[in-house]
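Trainee:
There are 2 protein chains.
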Amino acid sequence: LLDDADRAEVRRGFADLLRAEAASEPHLRGVLRQAVGHPGSLVRAQLAFGILLGHDWSRKSAVAVATAIEYFHTASLIFDDLPCMDDAATRRGHACPHRVHGEAAAVLGALALINRAYELLWSVLAALPVRIGLEGSRIVAVCLGAGGILDGQARDLHFEGITADEAGVTAVAEGKTVPLVRLTLLLPAVMADAAPADVAKLDQLSRRWGLSYQILDDFKDAWTTGAETGKTAGMDRRHRRANLPAAAGVTRALSRLDSLLAEAREIVSRLGAQDRRWSVLERLQCILENEDRKIRSRPLLVTVQ
Amino acid sequence: LLDDADRAEVRRGFADLLRAEAASEPHLRGVLRQAVGHPGSLVRAQLAFGILLGHDWSRKSAVAVATAIEYFHTASLIFDDLPCMDDAATRRGHACPHRVHGEAAAVLGALALINRAYELLWSVLAALPVRIGLEGSRIVAVCLGAGGILDGQARDLHFEGITADEAGVTAVAEGKTVPLVRLTLLLPAVMADAAPADVAKLDQLSRRWGLSYQILDDFKDAWTTGAETGKTAGMDRRHRRANLPAAAGVTRALSRLDSLLAEAREIVSRLGAQDRRWSVLERLQCILENEDRKIRSRPLLVTVQ
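Structure follows, in structure tokens:
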């Protein structure tokens, strides 16, 4: 998503926590070391960094915001993988933190990531005008709170009681996947004082991207062995979680993915694909379209149903 | 600690989350309902509220800060009680949230409390001068992060490997109990722009109070049935956690408690027991001294060892 130099900078920012927490209790430090040592694609961090740099922000502040968003995401994955949630064994190609360092340390490590994320965000928000600081804080609260991702996660975990039709699956995806995408797009835009009309477009985009991303993830969960994705596969079937290809069929899920990506493409164009403030969006759109093509070319597709 | 009207206001602030999250997923809402429906003594919220009111803050902002601190504390209790930590059955006289609504919902509910706590704090910090906003944010990060309560909690959970002498037990208590007391005293003081010399005294006081509080708690854990305290007793022995009366003996623990409370009394006097800015401290000091007397008057004391 970013060029090599920018990506390296985002990666350094993400790894910074470890230096700060070198004296922590060994199990806790082990979880943090794993969390920042296996950073994944850092796509959310790259997006936030790209938006802020596009708006002429300093690299230092942009890295702080990008890292904060990625820490929130990483914490959510550690929680998701716990025995009381997905009970996953593998994430990012390695044994999950709770399998290596124990559940308690995993919980404490995830909380440390969240704490550090708020600290990083505040360090930047505090220097902004009060109006922007308050609006930024409101977005964080809405996306990450009991009305945002936590509610979506709770609905996914207790999905078994809900009829698994397309609308039900979409509602769950909207709750659990859209909020972090929304945070990733809206928070940097609001911090950079983007025009309200552009923020509104980003809000629409985050819904399309979030749902697209979830459908792609549903396919990956259903048909890969985990060797490709680095995380335990088959979780949705095992836990009877919301999964669109399973609920609505492969054909319908693919056609839904198509419409969502077409709508997203339209929004990205309206924001201005050539506008350097938003050029990072164009690049993620291309990546998602490419993922879509890859899904379609898989011979094993029918095994999902 | 506060008069009836002030206490009622703090209690209303604490209960406010529920109204905001009325539409959450039922298990998640159940955890939040339990958390704010059984508020405990709200001693941390009362302290913070008392300090801010003593410094002529508006009741609205004081309630926001007080509620935030109490939500952090309540979240820490929900995590502590999880099967992977203390595996407790009862808290505040009721079954623990994870026993009623499931572990996953308990985790998500605790995270919702944390998210809301940051939102409340930020709503107040954002309007303060940048210098104070940054210093307030730093205190939150230090007290609640991987160098603060999370580290202390990790050390307590992995205490079995450490020699259980007085110094070792004190180090664990310092890590797990002092940070929240520190947050409760320092954050309101810094927000109210108290003199650095007073903030330094509060820092010393938080250590004495935190350790005193932990020793009182160690006694309660060891010798009550849980009917008195409303929470599962015998946790330290069962999990081989740090417990001063068990490690150093009852006589030594009581004499330690005496010195700590005498030092605390001295600090409170130096802050000015008659100074209305700090009068709430004098009241908590009296409550702790009273608890100390109660411990001494118990006939069953020797059963601890």
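For the record, the sequence lines run as chains A and B. With this note's numbering as the guide, the letters of the first sequence map in order to residues 1 to 305. With this note's numbering as the guide, the letters of the second sequence map in order to residues 306 to 610. Ideal Cβ positions, reconstructed from N, Cα and C, are used throughout, including at glycine.
Can you pull the chain B neighbours of A14 of chain A, defined as C-beta to C-beta under 8 Å?
Mentor: Rather than Ala, the amino acid found at residue 14 of chain A in this sequence is Phe. What F14 of chain A touches in chain B: nothing, since even the nearest Cβ is about 15 Å away.
Trainee: Would you tell me roughly how many angstroms separate the C-alpha atoms of D3 of chain A and A167 of chain A, rounded to the nearest one?
Mentor: Cα to Cα, D3 of chain A sits roughly 39 Å from A167 of chain A.
Trainee: Spatial neighbours of F14 of chain A within its chain, please: C-beta separation below 7 Å, excluding the five flanking residues on both sides.
Mentor: Same-chain partners within the cutoff: V36, P39, L42, A45, T67 and E70.
Trainee: Quick one: which chain B residues come within Cβ less than 9 Å of R116 of chain A?
Mentor: Per Cβ cutoff of 9 Å: A446, G450 and A451.
Trainee: Along the chain, where does the alpha helix (DSSP H) containing D526 of chain B start, and where does it finish?
Mentor: Where D526 of chain B is concerned, the enclosing alpha helix (DSSP H) stretches over P501 to W528.
Trainee: Using only CA atoms, which one of B:L462, B:L492, B:P493 and B:L490 lies nearest to A478 of chain B?
Mentor: When only C-alpha atoms are compared, the closest one is B:L462.
Trainee: Rounded to the nearest angstrom, how far is the Cβ of L413 of chain B from that of A154 of chain A, given a contact under 8 Å?
Mentor: Going by Cβ atoms, the distance from L413 of chain B to A154 of chain A rounds to 5 Å, so yes, they are a contact pair.
Trainee: Taking 7 Å as the limit between beta carbons, can you name the residues of its chain near V405 of chain B, skipping five residues before and five after?
Mentor: Around V405 of chain B: G335 and Q339.
Trainee: Considering only C-alpha positions, which residue in the set A:A5, A:K176, A:E228 and A:T251 is nearest to G210 of chain A?
Mentor: Nearest C-alpha to G210 of chain A: A:K176.
Trainee: Using a C-beta cutoff of 9 Å, does A499 of chain B count as contacting chain A?
Mentor: Not closer than 9 Å to any Cβ of chain A, the Cβ of A499 of chain B fails to qualify, so no.
Trainee: Is there a C-beta anywhere in chain A that falls below 9 Å from the one on V368 of chain B?
Mentor: Output row for V368 of chain B: interface = no.
Trainee: Identify whether T90 of chain A lies in helix, strand or coil by the three-state DSSP scheme.
Mentor: Here T90 of chain A sits in strand by DSSP.
Trainee: Is DSSP giving A538 of chain B helix, strand or coil here?
Mentor: Note: A538 of chain B maps to coil in three-state DSSP.
Trainee: Please report whether the beta-carbon of A105 of chain A lies at a distance below 9 Å from any beta-carbon of chain B.
Mentor: Output row for A105 of chain A: interface = yes.
Trainee: What three-state label does DSSP hand A22 of chain A in the structure shown?
Mentor: A22 of chain A falls in the coil class under three-state DSSP.
Trainee: A505 of chain B to L491 of chain B, Cα distance in whole Å?
Mentor: Computed Cα separation, rounded: 9 Å.
Trainee: Can you grab the Cα-Cα spacing for the pair R240 of chain A / F159 of chain A, in whole Å?
Mentor: In a straight line, the C-alpha of R240 of chain A is about 7 Å away from that of F159 of chain A.
Trainee: Could you have a look at A469 of chain B and say whether DSSP puts it in helix, strand or coil?
Mentor: If DSSP states are grouped into helix, strand and coil, A469 of chain B belongs with coil.
Trainee: List in chain order: all unbroken alpha helix (DSSP H) runs of 4+ residues lying wholly within the region 367-443 of chain B.
Mentor: Here the runs fully enclosed are 402-406 and 408-430.
Trainee: For the 8 Å Cβ check, are there 3 or more pairs between the region 426-444 of chain B and the region 119-139 of chain A?
Mentor: The region 426-444 of chain B, when compared against the region 119-139 of chain A, does touch it at the 8 Å Cβ threshold.
Trainee: Return no unless some Cβ of chain B is closer than 9 Å to the Cβ of S58 of chain A.
Mentor: Chain B contact via Cβ: absent.
Trainee: Given a limit of 9 Å on CB to CB distance, which residues of the region 383-397 of chain B reach chain A?
Mentor: Correct list: F384, L387, P388, C389 and M390.
Trainee: Determine the DSSP secondary structure at S346 of chain B, reduced to helix, strand or coil.
Mentor: In this structure, S346 of chain B counts as coil in the three-state DSSP scheme.
Trainee: Along chain B, in chain order, which residues have C-beta atoms closer than 9 Å to that of G133 of chain A?
Mentor: Per Cβ cutoff of 9 Å: W427, L430, A431, A432 and G438.
Trainee: If you check the beta carbons only, do D299 of chain B and A551 of chain B fall under 9 Å apart?
Mentor: This structure gives no information on residue 299 of chain B, because the portion of chain B shown stretches from 306 to 610.
Trainee: Relative to the alpha-carbon of D526 of chain B, which residue among B:L507, B:R396 and B:P501 has its alpha-carbon at the smallest distance?
Mentor: That would be B:R396, whose Cα lies nearest to the Cα of D526 of chain B.
Trainee: Where does T556 of chain B sit, in a helix, a strand or coil, going by DSSP?
Mentor: DSSP places T556 of chain B in helix when its eight states are reduced to three.
Trainee: Taking only beta-carbon positions, decide if Q458 of chain B is within less than 9 Å of chain A.
Mentor: Chain A contact via Cβ: present.
Trainee: Taking the beta carbon of S517 of chain B as the centre, do at least 16 other beta carbons fall within 10 Å, making it buried, or is it exposed?
Mentor: S517 of chain B is buried by the Cβ-count criterion.
Trainee: Among B:A415, B:I356, B:L358 and B:D385, whose alpha-carbon lies nearest the alpha-carbon of H332 of chain B?
Mentor: That would be B:A415, whose Cα lies nearest to the Cα of H332 of chain B.
Trainee: Decide if Q610 of chain B is buried, meaning its Cβ has at least 16 other Cβ atoms within 10 Å, or exposed.
Mentor: The predicted position of Q610 of chain B is uncertain, since its pLDDT is 40 and thus under 50; a value taken from the coordinates is nonetheless stated next. Exposed, because fewer than 16 other Cβ atoms sit within 10 Å of the Cβ of Q610 of chain B.
Trainee: Are the C-beta atoms of L111 of chain A and some chain B residue less than 9 Å apart?
Mentor: Chain B contact via Cβ: present.
Trainee: Leaving out five residues before and five after T608 of chain B in sequence, what residues of the same chain have Cβ atoms less than 7 Å from its Cβ?
Mentor: Residue placement at T608 of chain B is poorly supported in this model, since its pLDDT is 48, which falls under 50; the coordinates still yield a value, given next. W528.
Trainee: Are G359 of chain B and R582 of chain B touching if we call contact CB-CB under 9 Å?
Mentor: Closer than 9 Å, so yes.
Trainee: For L337 of chain B and chain A, any beta-carbon pair shorter than 9 Å?
Mentor: Output row for L337 of chain B: interface = yes.
Trainee: To the nearest angstrom, how far is it from the Cα of A567 of chain B to the Cα of D6 of chain A?
Mentor: Those two C-alpha atoms are separated by around 56 Å.
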